[in-house]
Amino acid sequence: MESSSRITVTQREQSMVMNDVKMMYEIYTSVPPKTQRLMMELQRDNHMEYLLRGLQQLGPSFCVLDANRPWICYWILHSIALLGQSVDAALEDRTIDFLSRCQGPDGGYAGGPGQANFNCETFFYFHAPQRCCSTALFIFYQMPHLATTYAAVNALITLGSDKSLLSIDRGKMYTFLKHMKDPSGAFRMHDEGEIDVRACYTAISVASMLNILDDDLVRNVGNYILSCQTYEGGIAGEPGSEAHGGYTFCGLATMILINEVNRLDLAALIDWVVFRQGVEGGFQGRANKLVDGCYSFWQGGVFALLQRFHSIIGERLTQSGPGEAEYHIDSPEPTPESDISEGKESSDGTSSEGDEACHFQPGGSQNAPCPVNFDNVGFVSSEGLAEREPLFHSIALQRYILLCSQDPGGGLKDKPRKSRDYYHTCYCLSGLSVCQYSWLKDEDASPLPRAVLGPHSNLLEPIHPIFNVVLDRYHEAHEFFSRSLRKSS
Amino acid sequence: MDSDKEQLEQETLPLSLSLSLRPEWSDVKPIPQDDGPNPVVEIAYKQDFRETMDYFRAIYSAKELSPRALQLTREAILLNPGNYTIKTLKIGKCDSENGEAVTPKTFMNVWHFRRQILEALDANLLEELDFVGCIAKDNSKNYQIWHHRRWVAQKLGTSATSKELDFTRKILSLDAKNYHAWSHRQWVLQALGGWEDELDYCQQLLEEDIYNNSAWNQRYFVITRSPFLGGLEAMRDSEVSYTVEAIMSNPDNESPWRYLRGLYKNDTESWINDPKVSSVCLKVLNAKSNHVFALSMLLDLLCHGFQPSQDFREAIDALTSDSAPIDSDLAKAICDVLQRVDMMRANYWIWRKSKLTPVA
Numbered sequence: 001m002e003s004s005s006r007i008t009v010t011q012r013e014q015s016m017v018m019n020d021v022k023m024m025y026e027i028y029t030s031v032p033p034k035t036q037r038l039m040m041e042l043q044r045d046n047h048m049e050y051l052l053r054g055l056q057q058l059g060p061s062f063c064v065l066d067a068n069r070p071w072i073c074y075w076i077l078h079s080i081a082l083l084g085q086s087v088d089a090a091l092e093d094r095t096i097d098f099l100s101r102c103q104g105p106d107g108g109y110a111g112g113p114g115q116a117n118f119n120c121e122t123f124f125y126f127h128a129p130q131r132c133c134s135t136a137l138f139i140f141y142q143m144p145h146l147a148t149t150y151a152a153v154n155a156l157i158t159l160g161s162d163k164s165l166l167s168i169d170r171g172k173m174y175t176f177l178k179h180m181k182d183p184s185g186a187f188r189m190h191d192e193g194e195i196d197v198r199a200c201y202t203a204i205s206v207a208s209m210l211n212i213l214d215d216d217l218v219r220n221v222g223n224y225i226l227s228c229q230t231y232e233g234g235i236a237g238e239p240g241s242e243a244h245g246g247y248t249f250c251g252l253a254t255m256i257l258i259n260e261v262n263r264l265d266l267a268a269l270i271d272w273v274v275f276r277q278g279v280e281g282g283f284q285g286r287a288n289k290l291v292d293g294c295y296s297f298w299q300g301g302v303f304a305l306l307q308r309f310h311s312i313i314g315e316r317l318t319q320s321g322p323g324e325a326e327y328h329i330d331s332p333e334p335t336p337e338s339d340i341s342e343g344k345e346s347s348d349g350t351s352s353e354g355d356e357a358c359h360f361q362p363g364g365s366q367n368a369p370c371p372v373n374f375d376n377v378g379f380v381s382s383e384g385l386a387e388r389e390p391l392f393h394s395i396a397l398q399r400y401i402l403l404c405s406q407d408p409g410g411g412l413k414d415k416p417r418k419s420r421d422y423y424h425t426c427y428c429l430s431g432l433s434v435c436q437y438s439w440l441k442d443e444d445a446s447p448l449p450r451a452v453l454g455p456h457s458n459l460l461e462p463i464h465p466i467f468n469v470v471l472d473r474y475h476e477a478h479e480f481f482s483r484s485l486r487k488s489s
Numbered sequence: 001m002d003s004d005k006e007q008l009e010q011e012t013l014p015l016s017l018s019l020s021l022r023p024e025w026s027d028v029k030p031i032p033q034d035d036g037p038n039p040v041v042e043i044a045y046k047q048d049f050r051e052t053m054d055y056f057r058a059i060y061s062a063k064e065l066s067p068r069a070l071q072l073t074r075e076a077i078l079l080n081p082g083n084y085t086i087k088t089l090k091i092g093k094c095d096s097e098n099g100e101a102v103t104p105k106t107f108m109n110v111w112h113f114r115r116q117i118l119e120a121l122d123a124n125l126l127e128e129l130d131f132v133g134c135i136a137k138d139n140s141k142n143y144q145i146w147h148h149r150r151w152v153a154q155k156l157g158t159s160a161t162s163k164e165l166d167f168t169r170k171i172l173s174l175d176a177k178n179y180h181a182w183s184h185r186q187w188v189l190q191a192l193g194g195w196e197d198e199l200d201y202c203q204q205l206l207e208e209d210i211y212n213n214s215a216w217n218q219r220y221f222v223i224t225r226s227p228f229l230g231g232l233e234a235m236r237d238s239e240v241s242y243t244v245e246a247i248m249s250n251p252d253n254e255s256p257w258r259y260l261r262g263l264y265k266n267d268t269e270s271w272i273n274d275p276k277v278s279s280v281c282l283k284v285l286n287a288k289s290n291h292v293f294a295l296s297m298l299l300d301l302l303c304h305g306f307q308p309s310q311d312f313r314e315a316i317d318a319l320t321s322d323s324a325p326i327d328s329d330l331a332k333a334i335c336d337v338l339q340r341v342d343m344m345r346a347n348y349w350i351w352r353k354s355k356l357t358p359v360a
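First to last, the protein sequences are chains Z and P.
For what it's worth, full-length UniProt numbering labels the leading residue of the first sequence as 1, then goes sequentially.
For what it's worth, full-length UniProt numbering labels the leading residue of the second sequence as 1, then goes sequentially.
Structure follows, in structure tokens:
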């Protein structure tokens, strides 16, 4: 067998990162147990300090994120919620007020406050204001965008108060989402914007959270996601592109929400995702790319999605027997007979969990009922499926997050030698939470001690893996929006 | 106004001159952002950033589709908030040394408005491509820039084909896995054409770095979608040979293994029965190192009905530790080996084993 002697760019970069990671692990093994405990500890206080500081004021370098301020709100608030904390009433009010200023007059949220104070003089100079609310002389100059809409909605749900939830104009949101829907079925990021899997996920996620998902929004979006699953098994941003962790999460979560997940080749998808976990313990976003802490959630979350909303992983690991749990690689289950719009996510918000059919049960499997029950995330089965180990290496991932992605001074990051930021703080912590609860048989149970790496104080709040908001905030919002009918649009 | 614009294009523009001091802007009243009395995630804007955006809000609200508005969007895009040094921008010559000229990451409405202005002014879009090119080189992971470029190229049509292929090639020479650049390139090929040399290009990139999964993905894109190659089945034989060679030189490289499987997409029968597939597995197994992907593929083959010869059984036997007797079911035995040698995925292989259809 010939072997190539020349080291390629991929190999060189990979070996550099591996050396860094190896060094971190070697340091860990070489220090006394007391230091080890400290290294493996989630530095809650420092993370909180870093997060709260950012929520108040950001330095000039954040100008680059000027059009992403709802995202910064979400990353910070969700991280705080994962740490089991919340912001005080004043800060909550300020956040609601700020995000309301980002909400567009025709629904959706822009990247920053869209209204500017006008005095009459200014108003009359400008001959053709695009939109004008006659009483206040406001003009909206920011364009709503699906990604910032998703971020704002998730941030408001994370805040959780009635005031916060009521600040979202669901009627106009529905109009906005309809406006973003392309005739092909997929969604655009913004007016005349790009179509991709992110847009589909953020649209469907927001609609589902707000209980305004209906047939019109769902129509053909599954076809688009399906066309983005690649020969590798993962999902790409657009048809033809490369399989990618972020889009795989978005695509899978969308398919679950619209109840078409079995149209995907799940065996291929799982096989692709498990191979994204590298020797470092963390996940990479694509084959032969470098590990990055944020994929702890995007890739790790895929397992949480499948484990909780699909029985393909739902059976006990050691279980097999005639007629059950056959391993279909190339023959995904037929599309579920029942459409989601008739079930839980209907826009009238009247259906109850009792109406739900068991959509995701592969034929023949009798012992793992796994309905799409978003109210009981983590609840899998009454058949005593305790201690189902996740299909990825949860402990190795936690080790990577704590030792290689954590800045002891506060905040989390991509990998050693990188600096912390709010995006990575949010997604590393989300991934850590996914790991800690990955053994669980139901959502009310506490994680097994061995499922949590490091001191027990490392334990974070559980998340709802489809929306990535803390679970109890999801429940509160879900209940809230189930009660209220959509305002007429 | 057109000549003004040209002048602006050509001269070196000192960014330090405040808009409020420029006579051509004296009739415009800037509109400050209203963050509210107590905003969160408040950004301490640099003065020039704040001022430019205040003027932008003014012209945006007025829908002023004018050359000076175009110029203003340019300044907004070129503003470098992270690295505030007074510098001049040599318009038209903007190479990577000028890497400080970083644009803010999004600015979606600035870009959106710029498109409206370009359209209204019937502006020279080839120049626009150059402008975007300067910015994209330093911001090659920005969705907005690529979306804008796609819009411009679409307007230009096939006259932009070679320019776009060259441009993405340039970006990919700096970062061979840039997702946006690949996506743009695929769009160019599909919308504007230029497929002729694409397989050679993939070949070249893979020669440089056989681990470049993006290049493998592009190769798959080309062989399945190029109007000149006759499609997957027509290409399969030669592609399998190429891929097998790549596997044999680097059996630890996941990319060609996935590519090989992809070559038989929707044709499982051919995949199972093609001796080239099973034999590459066997060869790698017999070499006894870097064989995780070979084991994995053999497992998949068996799951789909591949009938292994005694050679395969012996190869697996040789990989099994002496103490443990090999499972009579070859697929199970493979899962056992994988569980041991591929520890990161031990749970996955246990699960795979649990999902095996019992031998009849």
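We put the CB at the ideal spot given by N, CA and C, even for glycine.
- Taking all protein chains in view, the Cβ of V206/Z is crowded by 16 or more other Cβ atoms within 10 Å, so the residue is classified as buried.
- Looking at the DSSP output, D421/Z sits in a beta bridge with L412/Z.
- About 7 Å separates the beta carbon of E242/Z from that of W182/P, a gap short enough to meet the 8 Å contact definition.
- Non-local C-beta neighbours of M40/Z in its own chain, meaning closer than 6 Å and more than five positions away in sequence, comprise L402 and G454, ordered along the chain.
- With a threshold of 9 Å between beta carbons, K46/P makes contact with chain Z.
- Residue A151/Z holds the alpha-carbon nearest to the alpha-carbon of Q103/Z among G84/Z, R308/Z, A151/Z and I258/Z.
- With fewer than 16 neighbouring CB atoms inside 10 Å of its own CB, K141/P falls in the exposed class.
- DSSP, read as helix, strand or coil, puts Y74/Z in helix.
- In the DSSP annotation of this structure, the continuous segment of the alpha helix (DSSP H) that includes I316/P starts and ends at Q310 to L319.
- Residue-level contact check: P39/P touches chain Z, since one or more beta carbons of chain Z fall below 9 Å from its beta carbon.
- Interface annotation, K415/Z: not in contact with chain P, CB-CB separation never under 9 Å.
- Residue pairing for I195/Z: DSSP places it in a beta bridge opposite R188/Z.
- Distances from the alpha-carbon of Q229/Z to those of G278/Z, G240/Z, P70/Z and S161/Z put G240/Z closest.
- In the DSSP assignment, L51/Z falls within the alpha helix (DSSP H) that extends over R44 to Q56.
- Between Q406/Z and L42/Z, the C-beta gap is smaller than 9 Å, which places the two residues in contact.
- Taking a cut-off of 8 Å on C-beta distances, the region 284-304 of chain Z touches the region 427-446 of chain Z, as three or more cross pairs fall below it.
- If you check the CB distance, D191/Z and M143/Z come in under 9 Å.
- Judged by their CB atoms, R198/Z and L146/Z are nearer to each other than the 9 Å cut-off.
- One alpha carbon belongs to D274/P, the other to G305/P, and they sit about 13 Å apart.
- Apart from sequence neighbours up to five positions away, the residues of its chain that approach M248/P with a beta-carbon distance below 8 Å are V280, K283 and V284, ordered along the chain.
- The criterion of a C-beta distance shorter than 9 Å is not satisfied by H47/Z and G431/Z.
- In this structure the region 191-209 of chain P does not touch the region 209-228 of chain Z; the number of beta carbon pairs closer than 8 Å is below three.
- For the region 155-186 of chain P, the set of positions with a beta-carbon nearer than 8 Å to some beta-carbon of chain Z reads A176, K177, Y179, W182, S183 and Q186 in chain order.
- In the three-state reduction of the DSSP assignment, Y437/Z falls in the coil class.
- When C-beta atoms of the region 54-62 of chain Z are compared with those of the region 34-49 of chain P, three or more pairs fall below 8 Å, so the two segments count as touching.
- Residue pairing by DSSP places Y109/Z opposite Q103/Z in a beta bridge.
- Under a criterion of Cβ atoms nearer than 9 Å, no residue of chain Z is adjacent to Q310/P; the nearest Cβ is some 22 Å distant.
- Within 8 Å of the CB of K265/P, the CB atoms of chain Z belong to Y231, in sequence order along the chain.
- In terms of CA proximity to Q154/P, E128/P leads the group N347/P, E128/P and T268/P.
- V222/P sits in a helix when the DSSP states are folded into three classes.
- D265/Z places its beta carbon 9 Å or farther from that of G237/Z.
- Of all residues in the region 140-171 of chain Z, those with a C-beta nearer than 8 Å to a C-beta of chain P are Y141, Q142, M143 and H145, reading in chain order.
- Residues of chain Z with a Cβ closer than 8 Å to the Cβ of Y143/P are, in chain order, M189 and E194.
- With respect to the 9 Å criterion, H291/P and E194/Z are not classified as neighbours on the basis of their beta carbons.
- Residue-level contact by beta carbon fails for D130/P and chain Z, as no gap is shorter than 9 Å.
- Three or more Cβ pairs closer than 8 Å define a contact, and the region 92-100 of chain Z meets that threshold against the region 30-38 of chain P.
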